[in-house]
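Numbering (the numbering used here), first residue to last: 20 to 286. Virtual Cβ for every residue (Gly too), placed ideally from N, Cα, C. Everything on this sheet refers to the single structure shown next.
Shown next, in the form of structure tokens:
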């Protein structure tokens with residue numbers, strides 16, 4: 020079993036190295052910056068910055084589905100017949116849209132840690148509680164993203180005619196099947212432009228996690244800038260990386276939008 024795990028680990032390490040767009044055999048830093056401060060290996064900061072890019076992308080990709088699920092649940096609560104659910108959803112969105120994202124991150128990272136430590140002390144345990152920085156960043160960005168996504172999804176819900184629900188019921192579909200087969204496909208198409216903008220905002224907001232020690236793009240380039248005294252070089256490189264990620268995201272989102280419009284037109 021250990022030999023199999025070791026072999027799989029070696030294969031994965033080879034794959035990640037081979038297809039690394041920064042420090043792989045045909046990576047940008049290796050080909051274009053071999054003799055500079057962003058060279059790969061011990062000669063430069065290329066490997067550290069490449070690792071920061073992976074952390075940033077991973078954080079954004081993990082946060083997106085969690086934020087969407089929370090936002091969808093809040094949007095459903097905001098149009099519920101239950102007054103308590105509507106009130107709770109309204110309070111949630113008001114709080115997390117009103118607070119600065121950085122303050123939300125501090126509350127999650129430091130506040131939850133203090134609250135959990137106090138609870139453990141009250142229970143008689145002296146165990147030290149520490150919240151993982153990646154988990155804290157994911158949770159904080161998810162609640163912020165969901166508070167804005169819920170408004171986008173709520174607007175999309177309201178744009179769908181009430182007759183769509185009645186038509187689903189008329190042909191014998193249950194409420195759940197009407198939602199999954201009739202409403203959600205239209206919801207995605209209507210909400211996609213707003214959610215696309217929120218994704219780009221989320222991608223930029225990942226830079227906030229650098230303040231709690233997570234080694235993302237901004238933190239890695241910041242450390243390099245302080246050590247080498249080349250702030251313009253490394254912060255300029257960080258700007259370029261974020262712009263490239265945003266451009267790639269825009270291309271992908273435009274392709275999804277065109278596909279959704281073609282699917283709607285063919286129905």
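Element boundaries [alpha helix (DSSP H), containing residue i]
i	result
residue 240	236-247
residue 155	152-178
residue 220	203-224
residue 197	194-197
residue 140	131-141
residue 49	47-51
Proximity below 7 Å, CB of residue i to CB of residue j
i	j	result
residue 127	residue 158	yes
residue 222	residue 121	no
residue 153	residue 233	yes
residue 236	residue 109	no
residue 112	residue 161	no
residue 171	residue 210	yes
residue 42	residue 69	yes
residue 251	residue 243	no
residue 75	residue 225	yes
residue 165	residue 272	no
residue 123	residue 163	yes
residue 167	residue 217	yes
Cα-Cα separation, residue i to residue j
i	j	result
residue 114	residue 58	44 Å
residue 147	residue 136	7 Å
residue 268	residue 79	12 Å
residue 274	residue 142	53 Å
residue 55	residue 84	38 Å
residue 52	residue 279	40 Å
residue 191	residue 206	21 Å
residue 263	residue 219	12 Å
residue 204	residue 277	14 Å
residue 105	residue 246	51 Å
residue 92	residue 99	10 Å
residue 116	residue 125	15 Å
residue 144	residue 118	33 Å
residue 214	residue 86	11 Å
Inter-residue CB distance, residue i and residue j (contact presumed, cutoff 8 Å)
i	j	result
residue 265	residue 176	Wrong, their Cβ atoms sit about 28 Å apart, outside the cutoff.
residue 38	residue 65	16 Å between Cβ atoms; not a contact.
residue 97	residue 173	5 Å
residue 256	residue 240	6 Å
residue 155	residue 231	6 Å
Check: At which residue ranges does the stretch 67-126 contain complete beta strand (DSSP E) runs of 3 or more residues, listed in the order of the chain?
Finding: none
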